[in-house]
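Peer 1: Quick one: this structure, given as structure tokens, is what I'll be asking you about.
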Amino acid sequence: MTTVTLGKTGIVSPKNAFGALPIQRVTDDEAVAILRRAYDGGFTFFDTARAYSDSEHKLGLAFSGMREKITIATKTMAQTADGLWRDLESSLSALGTDYIDIYQLHNPSFCPKPGGEDGLYDALLEAKAKGKIRHIGITNHRLHVAREAVESGLYETLQFPLCYLAAEPDLELVALCKERGVGFIAMKALSGGLITDSAAAYAYLAQFDNVLPIWGVQRMSELEEFLSYFENPPSMTAEMTETIARDRAEMAGDFCRGCGYCMPCPVGIEINNCARMAQLIRRSPSANWLTPAAQEKMFRIEDCLECGACAAKCPYGLDTPTLLRRNLTDYKNILAGKASV
1479 MTTVTLGKTG
1489 IVSPKNAFGA
1499 LPIQRVTDDE
1509 AVAILRRAYD
1519 GGFTFFDTAR
1529 AYSDSEHKLG
1539 LAFSGMREKI
1549 TIATKTMAQT
1559 ADGLWRDLES
1569 SLSALGTDYI
1579 DIYQLHNPSF
1589 CPKPGGEDGL
1599 YDALLEAKAK
1609 GKIRHIGITN
1619 HRLHVAREAV
1629 ESGLYETLQF
1639 PLCYLAAEPD
1649 LELVALCKER
1659 GVGFIAMKAL
1669 SGGLITDSAA
1679 AYAYLAQFDN
1689 VLPIWGVQRM
1699 SELEEFLSYF
1709 ENPPSMTAEM
1719 TETIARDRAE
1729 MAGDFCRGCG
1739 YCMPCPVGIE
1749 INNCARMAQL
1759 IRRSPSANWL
1769 TPAAQEKMFR
1779 IEDCLECGAC
1789 AAKCPYGLDT
1799 PTLLRRNLTD
1809 YKNILAGKAS
1819 V
């Protein structure tokens, strides 16, 4: 398999990295089995976060005694230096390690810099000087923050959404990272579940030699699909090109990426799924989204307060209340047999 060097960090990984957010949803035993199978099959780069409940703990269980064989990237959502230190010590303890390869600021609304009142970047420098972290990274969903971080020269890696639905400014960001020697870690490579052809998703990202995609995995069957790409990495075919063109046409314009930063909703609307139900219900087994429990979640949209909090927090600047209403109307038409799935 092709490898990727993450910019000036010098970290080399197969062009398959493991996103450990989903393993928080399975038991310790299941998670350990999945993680060890991933390593045995070729994965060496594992991305997690303090915010992913017990994901770090499960990585620690799986890789006890073999720390030097893997690369671990984790994240903090701290907004102060004191908070960052608390998160860092918690992460080190949960992971069962005394250092973290890439420590990332987790989707901050601005680009932290040395001397800032928040103290975040200065704390990162201190942690690096003490050997607790080896490289400083940042993750983001806001294009302007991501560009500022790359242009600042302060961050060694950037984690940003990238898939075959990407717009031209996203691709310009990839090129900028390559130019500046910043490692590009691609999250949302399957667009939060909207892309169902993983081979096409892989082949598209394989075109960028500086991009490392991370795949969120919570089932062994999902893992085996990505493990098969070590031996037989997909390359772009005419059929894949058609799939990509069709998906781009279907999801052109504003659509919810499912990142969840709009949550929680004051009236309990599951915004990150409800605001993209039109795509989900047509791109995965529809029965999953038509159960009584799913209907109850969708009809909570009728309780929307129009408070605007979700739109204010959306890193993509979407008019989320309008998206919710539009998706509810479509959902009702499907239930009534007036729209197809």
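First residue of the sequence shown? That's 1479 in the working numbering, and the numbers climb one at a time after it.
A virtual CB, placed ideally from N, CA and C, is assigned to each residue, including glycine.
Computed from a predicted structure; not experimentally measured.
1. Just the C-alpha distance for A1527 and I1722, rounded to the nearest angstrom, thanks.
2. Out of L1537, S1568, N1766, P1590, which has the shortest C-alpha to C-alpha gap to A1627?
3. Are the beta-carbon atoms of G1538 and G1574 separated by less than 8 Å?
4. Could you check the C-alpha separation between R1515 and V1490 for me, to the nearest Å?
5. Have a look at K1486 and V1660 and give me their C-alpha separation to the nearest angstrom.
6. T1554 to A1814, Cα distance in whole Å?
7. Use the C-beta contact count for Q1685: other C-beta atoms within 10 angstroms, 16 or more gives buried, fewer gives exposed.
8. Applying the 10 Å Cβ sphere with the 16-neighbour rule, what's the burial state of P1770?
9. Can you tell me whether V1510 is buried or exposed, with buried defined as 16 or more other CB within 10 angstroms of its CB?
10. P1691 bridges to which residues according to DSSP?
11. Does the beta-carbon of L1649 have 16 or more other beta-carbons within 10 angstroms, so that it is buried, or is it exposed?
12. Counting beta carbon pairs with one atom in the region 1630-1649 and one in the region 1580-1590, are three or more of them shorter than 8 Å?
13. Restricting to runs no shorter than 3 residues, where is the beta strand (DSSP E) found entirely within the region 1514-1588?
14. Any idea which residues DSSP pairs T1721 with across the strands?
15. For R1625 versus L1643, is the C-beta spacing smaller than 8 Å?
16. Determine the DSSP secondary structure at S1669, reduced to helix, strand or coil.
17. How would you call R1754, buried or exposed, if buried means at least 16 neighbouring beta carbons within 10 angstroms?
18. Once you ignore the five residues that flank T1549 on each side, which residues in its own chain have a CB closer than 8 Å to its CB?
Peer 2: In short:
1. Here residue 1527 refers to the residue found at position 49 when the sequence shown is read from its first residue. Here residue 1722 refers to the residue found at position 244 when the sequence shown is read from its first residue. Roughly 30 Å between the two C-alpha positions.
2. The residue given as residue 1627 occupies position 149 in the sequence shown. A check of alpha carbon separations from A1627 across L1537, S1568, N1766, P1590 identifies P1590 as the nearest.
3. On the sequence shown, residue 1538 is found 60 positions in, with the first residue counted as 1. On the sequence shown, residue 1574 is found 96 positions in, with the first residue counted as 1. The criterion of a C-beta distance shorter than 8 Å is satisfied by G1538 and G1574.
4. The count along the sequence shown starts at 1 and reaches residue 1515 at position 37. The count along the sequence shown starts at 1 and reaches residue 1490 at position 12. Their Cα atoms are separated by approximately 20 Å.
5. Indexing the sequence shown from 1 puts residue 1486 at position 8. Indexing the sequence shown from 1 puts residue 1660 at position 182. The alpha-carbon of K1486 is positioned some 6 Å away from that of V1660.
6. Taking the sequence shown and counting its residues from 1, the one referred to as residue 1554 is at position 76. Taking the sequence shown and counting its residues from 1, the one referred to as residue 1814 is at position 336. Rounded to whole angstroms, T1554 to A1814 spans 45 Å at the Cα level.
7. Sequence index remark: in the sequence shown, residue 1685 carries index 207 (1-based). Exposed is the call here.
8. Within the sequence shown, the letter at position 292 stands for residue 1770. P1770 is exposed by the Cβ-count criterion.
9. Stepping through the sequence shown from its first residue, residue 1510 is reached at position 32. Counting Cβ neighbours within 10 Å, V1510 comes out buried, since at least 16 surround it.
10. Locating residue 1691 in the sequence shown gives position 213, counting from the first residue. Answer by DSSP bridge pairing, in chain order: A1664.
11. Along the sequence shown, one-based indexing puts residue 1649 at 171. By the 16-neighbour rule on beta-carbons within 10 angstroms, L1649 is exposed.
12. The answer is yes - the region 1630-1649 touches the region 1580-1590, with three or more Cβ pairs under 8 Å.
13. DSSP assignment within the region 1514-1588 yields the following whole beta strand (DSSP E) runs of 3 residues or more, N-terminal first: 1523-1525, 1549-1554, 1578-1584.
14. Position 243 of the sequence shown, counted from the start, is the residue given in the question as residue 1721. DSSP, once it has assigned bridges, lists no residue as partnering T1721.
15. Here residue 1625 refers to the residue found at position 147 when the sequence shown is read from its first residue. Here residue 1643 refers to the residue found at position 165 when the sequence shown is read from its first residue. Taking 8 Å as the Cβ cut-off, R1625 and L1643 do not qualify as a contacting pair.
16. Residue mapping note: residue 1669 aligns to position 191 of the sequence shown, counting from 1. Helix.
17. Here residue 1754 refers to the residue found at position 276 of the sequence shown. Buried, because 16 or more other Cβ atoms sit within 10 Å of the Cβ of R1754.
18. Stepping through the sequence shown from its first residue, residue 1549 is reached at position 71. The beta carbon of T1549 is closer than 8 Å to those of I1489, S1491, T1522, F1523, F1524, D1579, I1580 in its chain, skipping five residues each way along the sequence.
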